[in-house]
Amino acid sequence: YYDEGKKILHKMATYAKHSAQICMNKYLLLQAEAYACECEVEKAKDTYKEAIRYAIRYGRVFDQAQAYDLMGRYLSFIVDLDGSSTCFRKASEHYMQSGAVFLAKKLKRDHNFDLFENKNGPGPVKRERSG
5 YYDEGKKILH
15 KMATYAKHSA
25 QICMNKYLLL
35 QAEAYACECE
45 VEKAKDTYKE
55 AIRYAIRYGR
65 VFDQAQAYDL
75 MGRYLSFIVD
85 LDGSSTCFRK
95 ASEHYMQSGA
105 VFLAKKLKRD
115 HNFDLFENKN
125 GPGPVKRERS
135 G
């Protein structure tokens with residue numbers, strides 16, 4: 005699958021040149037995933053952040069949510085739990101803003117957080133599990 009992904013990445017780079025507003029964010033996310041597969045941790049993080057900045061610049065809320073979601077998954081994989089929690093919270097907020105309510109609620113449920121700020125400042129509010 006890695007070789008197929010590289011082919012798609014190359015094609016997406018071409019599309020991104022000709023239709024940047026539509027394809028550049030997807031290209032950046034594919035590039036970040038490729039870096040993640042190659043264990044290029046800093047390059048992967050930087051490219052996820054670049055995808056987020058690009059989505060913000062062009063007001064693409066759903067793309068921003070996707071970028072936060074994928075970055076959260078990657079950070080969770082490399083055991084950066086604080087970073088992943090922040091990304092999942094932001095992804096959920098942006099999914100909600102874009103109308104993808106199901107995805108927002110799924111992230112909230114899967115990662116056990118509330119979307120409200122706690123008294124200690126911004127961030128997820130951990131709920132106690134009732135047993």
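In this text, residue positions in the sequence shown follow the numbering used here: the first is 5, and each later residue adds one.
Glycine included, every Cβ here is placed at the ideal spot set by N, Cα and C.
Contact set for residue i: own chain, Cβ-Cβ below 8 Å, skip 5 residues either direction
i         : result
residue 9 : 34, 37, 38 and 41
Other residues of its chain near residue i: CB distance less than 6 Å, five sequence neighbours each side excluded
i          : result
residue 25 : 62
residue 55 : 29, 32, 33 and 71
residue 67 : 29 and 59
Residue i: first and last residue of the uninterrupted alpha helix (DSSP H) it sits in
i           : result
residue 29  : 24 to 41
residue 114 : 105 to 115
residue 93  : 85 to 102
residue 54  : 45 to 61
Own chain residues within Cβ distance below 7 Å of residue i, not counting five before or after
i          : result
residue 96 : 108, 111, 112 and 119
residue 48 : 36, 39, 40 and 78
residue 27 : 16, 19 and 20
residue 51 : 32, 35, 36 and 39
residue 94 : 72
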